[in-house]
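Enquirer: First, the structure itself, so that you have it in front of you.
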Amino acid sequence: MRIGLLTGGGDCPGLNAVIRAVVRKAIDAYGDSVVGFSDGWRGVLEDNFEELTIESTRGILPRGGTILRSSRTNPYKREDGPQKVRETLARRGVDGLIAIGGEDTLGVANRLHGDGVHVVGVPKTIDNDLGATDVTFGFDTALGVAVEAIDRLHTTAESHNRILVVEVMGRHAGWIALHAGVAGGADVILIPEIPFDIDEACRHIRRRHERGRYFSIVVAAEGAVPKEGTMTLSAGELDEFGHPRLGGIGVRLEQEIEQRTGFETRATVLGHIQRGGTPTAFDRVLATRFGLAAIDALHDGAWGMMVSLRSTNIELVALSDAVSQLRTVPVEEYERYGVLFG
Ligand code: F6P
1 MRIGLLTGGG
11 DCPGLNAVIR
21 AVVRKAIDAY
31 GDSVVGFSDG
41 WRGVLEDNFE
51 ELTIESTRGI
61 LPRGGTILRS
71 SRTNPYKRED
81 GPQKVRETLA
91 RRGVDGLIAI
101 GGEDTLGVAN
111 RLHGDGVHVV
121 GVPKTIDNDL
131 GATDVTFGFD
141 TALGVAVEAI
151 DRLHTTAESH
161 NRILVVEVMG
171 RHAGWIALHA
181 GVAGGADVIL
191 IPEIPFDIDE
201 ACRHIRRRHE
211 RGRYFSIVVA
221 AEGAVPKEGT
231 MTLSAGELDE
241 FGHPRLGGIG
251 VRLEQEIEQR
261 TGFETRATVL
271 GHIQRGGTPT
281 AFDRVLATRF
291 GLAAIDALHD
301 GAWGMMVSLR
311 STNIELVALS
321 DAVSQLRTVP
331 VEEYERYGVL
341 FG
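With this note's numbering as the guide, the letters of the sequence shown map in order to residues 1 to 342.
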């Protein structure tokens, strides 16, 4: 078979491990050839590609980012987009395409499947918010970065009797904030799923002071939102999938907390540090398992399916199930940890 491969959306540690696994198994086990499209769906629209071989993918397993590069291009935002995708795939003789991405990239893959394109999905996102899989690779790496940051901020917060706010990624889901906050012993954790009450957060911080804990760590997901009418936030410009550019809640919290409590407060925005760099061993293994399963799925003609981790097994699920609903943090899960905060 002739296999097409692309990585779309925000990059994520482990993408190269998937590419490597796909290329090795495709070529060595099946005798396939692999064409890698550049910059996500943009490469397919513009027919930009490179031939992927065992040699060209050597040494990429521990490397962060993606050798194919990525973009947030949406073919359905262009009138002739889906047609162009079909034309490129036909021109390059692609029998089946593997799309590695999150909700947006796989949302496009699902629509293309409906339009007759032979496509299989591989889930990635540091946000860990894709449906129909227990976990996505990239999350473990991002979490490790966030926890290390919190540990470091803890010691300086304590030394200066300060409130330190850490803004982590997580547009719609608070998995990084919740797990990093729990692992790092944060005192307040704010996630997009549950609008927060700034007064309550400040009460919590004051109570700690009354008990002789003169510092606090506040972890906020970038997508955390205040309860209506309690605090103002400014929204950034939209991308091709309609998502606003986030990043700003940390600084707003710094201002509000300092003003309301009178305690010295500082914000740290971790941003893309969480997405860059070398993947953890867990993410490398998961990404490799996904890559190996994706190439089998392709040979089985499992079009419109996505590889997924269910418990400890790699299974195939419908792309439509994966993208129909985001996997957000359940309220009960968040509340379970409430007793530890403060
Ligand atoms: O979807 C993953 C993610 O890292 C989000 O957490 C974040 O909001 C977004 O990507 C940032 O995207 P960009 O790198 O395009 O600004």
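Here a beta-carbon is modelled for each residue, glycine too, at the ideal position from N, C-alpha and C.
Quick one: is the Cβ of residue 126 within less than 7 Å of any heavy atom of the ligand F6P?
Expert: For the purposes of this step, residue 126 is taken as the residue at position 126 of the sequence shown. Within the cutoff, so yes.
Enquirer: Can you find a heavy atom of the ligand F6P that lies under 7 Å from the Cβ of residue 222?
Expert: As a working note, residue 222 is residue 222 in the sequence shown. Yes.
Enquirer: Quick check on the DSSP output: the alpha helix (DSSP H) that includes residue 45 runs from which residue to which?
Expert: Taking the sequence shown and counting its residues from 1, the one referred to as residue 45 is at position 45. Start and end: 41-46.
Enquirer: Expressed to the nearest angstrom, what Euclidean distance is found between the alpha-carbon atoms of residue 133 and residue 210?
Expert: Indexing the sequence shown from 1 puts residue 133 at position 133. Indexing the sequence shown from 1 puts residue 210 at position 210. Rounded to whole angstroms, residue 133 to residue 210 spans 44 Å at the Cα level.
Enquirer: Find out if the Cβ-Cβ distance for the pair residue 171, residue 246 is shorter than 8 Å.
Expert: Sequence index remark: in the sequence shown, residue 171 carries index 171 (1-based). Sequence index remark: in the sequence shown, residue 246 carries index 246 (1-based). Result yes, Cβ atoms of residue 171 and residue 246 sit closer than 8 Å.
Enquirer: Between the Cα of residue 182 and the Cα atoms of 277, 148, 198, which residue gives the shortest distance?
Expert: As a position in the sequence shown, residue 182 is number 182, starting the count at 1. Of the listed residues, the one whose Cα sits closest to residue 182 is 148.
Enquirer: Out of 105, 236, 64, point me to the one whose CA is closest to residue 17's CA.
Expert: On the sequence shown, position 17 is the one that residue 17 refers to. Here the closest residue by C-alpha is 64.
Enquirer: Could you spell out where the alpha helix (DSSP H) holding residue 7 opens and where it closes?
Expert: As a first step, residue 7 must be located in the sequence shown, where it is residue number 7. Counting along the chain, residue 7 falls outside any alpha helix (DSSP H), though it belongs to the beta strand (DSSP E) covering 2-7.
Enquirer: When the Cα atoms are used, what is the spatial distance from residue 36 to residue 70?
Expert: In the sequence shown, the residue the question calls residue 36 occupies position 36. In the sequence shown, the residue the question calls residue 70 occupies position 70. Going from the Cα of residue 36 to the Cα of residue 70 covers about 12 Å.
Enquirer: Which runs of the beta strand (DSSP E) fall wholly inside the region 125-185 and span at least 3 residues, in chain order?
Expert: 163-168, all fully within the region 125-185.
Enquirer: For the ligand F6P, is there a heavy atom less than 7 Å away from the beta-carbon of residue 179?
Expert: Looking up residue 179 in the sequence shown gives position 179. Result no, Cβ not under 7 Å from the ligand F6P.
Enquirer: Tell me the DSSP bridge mates of residue 275?
Expert: Here residue 275 refers to the residue found at position 275 of the sequence shown. Its beta-bridge partners do not exist; DSSP assigns none.
Enquirer: Under the three-state reduction of DSSP, which class applies to residue 123: helix, strand or coil?
Expert: The residue labelled residue 123 in the question sits at position 123 within the sequence shown. The answer is strand: DSSP assigns residue 123 an E or B state.
Enquirer: Which residues in the same chain have their Cβ closer than 6 Å to the Cβ of residue 110, if we skip the five residues on either side of it in sequence?
Expert: Along the sequence shown, read from residue 1 onward, the residue named residue 110 stands at position 110. Closer than 6 Å at the Cβ level, and outside the excluded window around residue 110, lie 319, 320, 323.
Enquirer: Where are the beta strand (DSSP E) runs, 3 residues long or more, that stay fully inside the region 232-313, in chain order?
Expert: Taking only runs of at least 3 residues, the beta strand (DSSP E) segments lying wholly in the region 232-313 are 265-269, 305-310.
Enquirer: Where in the region 192-219 do unbroken runs of the alpha helix (DSSP H), each at least 4 residues long, occur, reported from the N-terminal end onward?
Expert: Complete alpha helix (DSSP H) runs here, min 4: 198-210.
Enquirer: Pairs of beta-carbons, one from the region 27-41 and one from the region 93-112, closer than 8 Å: are there three or more?
Expert: Yes: at least three Cβ pairs fall under 8 Å.
Enquirer: Taking the alpha carbon of residue 234 as the reference point, which residue from 218, 223, 241, 1 has its own alpha carbon closest?
Expert: Counting from 1 along the sequence shown, the entry for residue 234 is found at position 234. Comparing Cα positions, the closest option is 223.
Enquirer: Under a Cβ-count criterion, where at least 16 other Cβ atoms within 10 Å of its own Cβ denotes burial, should residue 195 be classed as buried or exposed?
Expert: Residue mapping note: residue 195 aligns to position 195 of the sequence shown, counting from 1. Counting Cβ neighbours within 10 Å, residue 195 comes out exposed, since fewer than 16 surround it.
Enquirer: Can you pull the DSSP bridge partners for residue 223?
Expert: Along the sequence shown, one-based indexing puts residue 223 at 223. Residue 223 pairs with nothing; no bridge assigned.
Enquirer: Relative to the alpha-carbon of residue 255, which residue among 164, 140, 229 has its alpha-carbon at the smallest distance?
Expert: As a working mapping, residue 255 is identified with position 255 in the sequence shown. Measuring from the Cα of residue 255, the nearest candidate turns out to be 164.
Enquirer: How about residue 246: is its Cβ closer than 7 Å to a heavy atom in the ligand F6P?
Expert: Position 246 of the sequence shown, counted from the first residue, corresponds to residue 246. Because some heavy atom of the ligand F6P lies under 7 Å away, the Cβ of residue 246 counts as near it: yes.
Enquirer: Report yes if the C-beta of residue 72 is less than 7 Å from at least one heavy atom of the ligand PLP; otherwise report no.
Expert: This structure lacks the ligand PLP; its bound ligands are the ligand F6P.
Enquirer: Per the DSSP calculation, residue 38 is bridged to which residue(s)?
Expert: Position 38 of the sequence shown, counted from the first residue, corresponds to residue 38. Its beta-bridge partners do not exist; DSSP assigns none.
Enquirer: Per DSSP, which residues does residue 188 bridge with? Please list them.
Expert: For the purposes of this step, residue 188 is taken as the residue at position 188 of the sequence shown. Per DSSP, 218.
Enquirer: Taking only three categories from DSSP, how would you classify residue 352?
Expert: As displayed, the chain neither begins before 1 nor continues past 342, which places residue 352 out of reach and without an answer.
Enquirer: Under 7 Å from any heavy atom of the ligand F6P, does the C-beta of residue 113 make it?
Expert: If you number the sequence shown from 1, residue 113 lands on position 113. Result no, Cβ not under 7 Å from the ligand F6P.
Enquirer: With DSSP as the reference, please indicate the residues paired to residue 324 in a beta bridge.
Expert: Your numbering for residue 324 matches position 324 in the sequence shown. Residue 324 pairs with nothing; no bridge assigned.
Enquirer: How is the beta strand (DSSP E) around residue 90 delimited, first residue to last?
Expert: Mapped onto the sequence shown, residue 90 falls at position 90. Note, residue 90: premise wrong, no beta strand (DSSP E); alpha helix (DSSP H) at 81-91.
Enquirer: Tell me whether residue 96 sits in a helix, a strand or coil according to DSSP, three-state version.
Expert: For the purposes of this step, residue 96 is taken as residue 96 along the sequence shown, with counting starting at 1. Looking at residue 96 - three-state DSSP - the assignment turns out to be strand.
Enquirer: Return the bridge partner residues of residue 29 from the DSSP annotation.
Expert: The sequence position of residue 29 within the sequence shown is 29, counting from 1. Bridge partners of residue 29: none, in fact.
Enquirer: Given that a residue counts as buried once 16 or more other Cβ atoms are within 10 Å of its Cβ, and exposed if not, what is residue 68?
Expert: By one-based count along the sequence shown, residue 68 stands at place 68. Flag for residue 68 reads buried.
Enquirer: For residue 176, which residues in the same chain have their Cβ closer than 8 Å to its Cβ, ignoring the five residues on either side in sequence?
Expert: Your numbering for residue 176 matches position 176 in the sequence shown. Closer than 8 Å at the Cβ level, and outside the excluded window around residue 176, lie 126, 127, 128, 139, 142, 143, 146, 168, 169, 170, 221, 274.
Enquirer: I'd like the span of the alpha helix (DSSP H) that includes residue 103, first residue to last.
Expert: Counted from its first residue, the sequence shown places residue 103 at position 103. Where residue 103 is concerned, the enclosing alpha helix (DSSP H) stretches over 103-114.
Enquirer: Cβ-heavy atom distance between residue 211 and the ligand F6P below 7 Å?
Expert: Locating residue 211 in the sequence shown gives position 211, where the first residue counts as 1. Residue 211: no, Cβ never under 7 Å from the ligand F6P.
Enquirer: Could you tell me if residue 330 is buried or exposed, where buried requires 16 or more neighbouring beta carbons within 10 angstroms of its beta carbon?
Expert: Taking the sequence shown and counting its residues from 1, one reaches residue 330 at position 330. Classification of residue 330: exposed, given that the 10 Å Cβ count is below 16.
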